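> Please see the structure below; I have some questions.
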Amino acid sequence: MKKKILLVEDDKSLQQLITYNFKKEGFKIDTISDGEEVVYQIRDNIPDLILLDWMLPNISGIEIIRQLKINKNTNKIPIIMLTAKSEEPDKLKAFEIGADDYLTKPFSTAELLARTRSLLKRNKFQEDTEIIIFHDITLNTEKRRVNRGKRAVKLGPMEYKLLELFISRPGRVYDRSQLLDIIWGKEIYVEERTVDVHIGRLRKALNRGKDADPIRTVHGVGYSLDETYKKK
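Taking my numbering, the leading residue of the sequence shown gets 562, the next gets one more, and so forth.
Shown next as structure tokens:
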């Protein structure tokens with residue numbers, strides 16, 4: 562079955578170039594030029610991956626990511642951001658909001674295709690596997706069991722959900738409001754400090770003795786599973 566790609570790009574010549582090359586490589590690709598249309602189209606036709614321009618009419622690519630990541634039906638769609646913004650703060654902002662990859666214009670379609678295949682392959686593995694391993698942390702999604710090395714880690718329901726979310730996207734930074742929406746649900750009112758309490762419980766359960774702390778606090782933003790973490 563052909564993988565469905567959604568290209569959100571208002572530059573018509575670049576849109577045509579990417580569309581031609583992706584179709585040539587066997588992908589099914591739809592295009593949108595206006596950022597305002599993205600969320601509405603995805604409701605009825607969820608793609609396997611999104612190629613997303615930063616600067617778009619009406620709604621920016623960053624705001625589109627923000628909206629997709631707080632919706633449980635769309636928060637796992639891999640996103641590659643395409644942009645002329647090449648400064649490090651811009652890249653960090655994109656990754657903190659939820660972009661999975663970042664490609665600076667101008668770029669070659671060969672590199673874009675390679676990154677797309679790599680991200681789709683990684684995402685497919687995470688969807689299919691019942692066991693997710695991150696260094697010395699093992700999470701069995703079927704049995705809902707967690708081990709750190711040979712030690713079983715006992716987690717409450719919210720702590721397990723937090724770890725499962727973090728381990729599915731190592732390095733992805735979630736702010737407190739996103740975690741509340743994803744873990745507790747948008748319909749339930751919970752104070753933001755509740756997130757800090759459960760992160761503290763997760764850390765206490767995971768970390769024993771000389772264990773390194775895999776949970777990264779991004780001051781003023783939120784939390785992530787530290788992709789640079791190395792077990793001791």
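Idealized CB from N, CA, C, for every residue including glycine. Owing to the predicted nature of the structure, the values given are computational and were not obtained by experimental measurement.
(1) Suppose contacts are defined by Cβ-Cβ distances below 8 angstroms. Is Tyr750 in contact with Tyr784 by that definition?
(2) Considering only the alpha carbon of each residue, which of Ala675, Thr665 and Leu568 lies closest to Lys646?
(3) Let me check one thing: in DSSP terms, what residues is Tyr663 bridge-paired to?
(4) Mind checking Asp591: buried by the 16 CB within 10 Å criterion, or exposed?
(5) In whole angstroms, what separates the C-alpha of Arg676 from that of Glu648?
(6) Pick from Ile593, Ile603 and Glu725: whose alpha carbon is nearest that of Asn798?
(7) Please confirm if the region 606-618 is in contact with the region 566-585, defined as three or more CB-CB distances below 8 angstroms between the two stretches.
(8) What does DSSP give as the partner residue(s) for Asp736 in the beta ladder?
(9) Assuming contact is defined by CB atoms lying nearer than 8 angstroms, are Leu716 and Leu724 in contact in what I supplied?
(10) Judging by CA-CA distance, which residue of Pro650, Asn701, Asp774 and Ile728 is the nearest neighbour of Phe695?
(11) Within the region 606-645, note down every full beta strand (DSSP E) run reaching 3 residues or more, in order along the chain.
(12) What did DSSP end up calling Ala773 once you bin it into helix, strand or coil?
(13) Can you tell which of Asp651, Asn701 and Glu657 has its C-alpha closest to the C-alpha of His780?
(14) Is Ala655 near the ligand ADP, judged by its Cβ being under 7 angstroms from some heavy atom?
(15) Assuming Thr580 is part of the beta strand (DSSP E), what are its boundary residues?
(16) Cα separation between Tyr601 and Thr580?
(17) Compute the distance between the beta-carbons of Tyr721 and Arg705, then report whether it is under 8 angstroms.
(18) Are there 16 or more other CB atoms within 10 angstroms of the CB of Ile692, so buried, or fewer, so exposed?
(19) Confirm, please, whether the CB-CB distance from Ile776 to Arg762 is below 8 angstroms.
(20) Taking Cβ to Cβ, would you say Ile640 is nearer than 8 angstroms to Ile623?
(21) Just to confirm the assignment, what range does the beta strand (DSSP E) spanning Thr699 have?
Reading from the atomic positions:
(1) Cβ distance not < 8 angstroms, so Tyr750 and Tyr784 don't count as in contact.
(2) Ranking the options by Cα distance to Lys646, first place goes to Thr665.
(3) In the DSSP assignment, Tyr663 forms a beta bridge with Met642.
(4) Asp591 comes out exposed.
(5) Computed Cα separation, rounded: 20 angstroms.
(6) Residue coverage of the chain in this structure runs from 562 to 793, which leaves residue 798 outside it and unanswerable.
(7) Short answer: they touch.
(8) Beta-bridge partners of Asp736 (DSSP): Gly783.
(9) Yes, the Cβ-Cβ distance between Leu716 and Leu724 is below 8 angstroms.
(10) The closest CA to that of Phe695, considering only Pro650, Asn701, Asp774 and Ile728, is found on Ile728.
(11) Within the region 606-645, the complete beta strand (DSSP E) segments of 3 residues or longer fall at 610-614 and 640-644, listed in chain order.
(12) Three-state result, Ala773: coil.
(13) Comparing Cα positions, the closest option is Glu657.
(14) The ligand content of the structure shown is nil, which means the ligand ADP is not present either.
(15) Thr580 -> not in any beta strand (DSSP E); alpha helix (DSSP H) instead, spanning Lys573 to Lys585.
(16) Their Cα atoms are separated by approximately 21 angstroms.
(17) Yes, the pair counts as a contact, with Cβ atoms nearer than the cut-off.
(18) It is exposed - the Cβ of Ile692 has fewer than 16 other Cβ atoms within 10 Å.
(19) The beta carbons of Arg762 and Ile776 sit no closer together than 8 angstroms.
(20) In this structure, Ile640 lies away from Ile623, with their beta-carbon atoms at least 8 angstroms apart.
(21) Unbroken beta strand (DSSP E) run through Thr699: Ile698 to Asn701.
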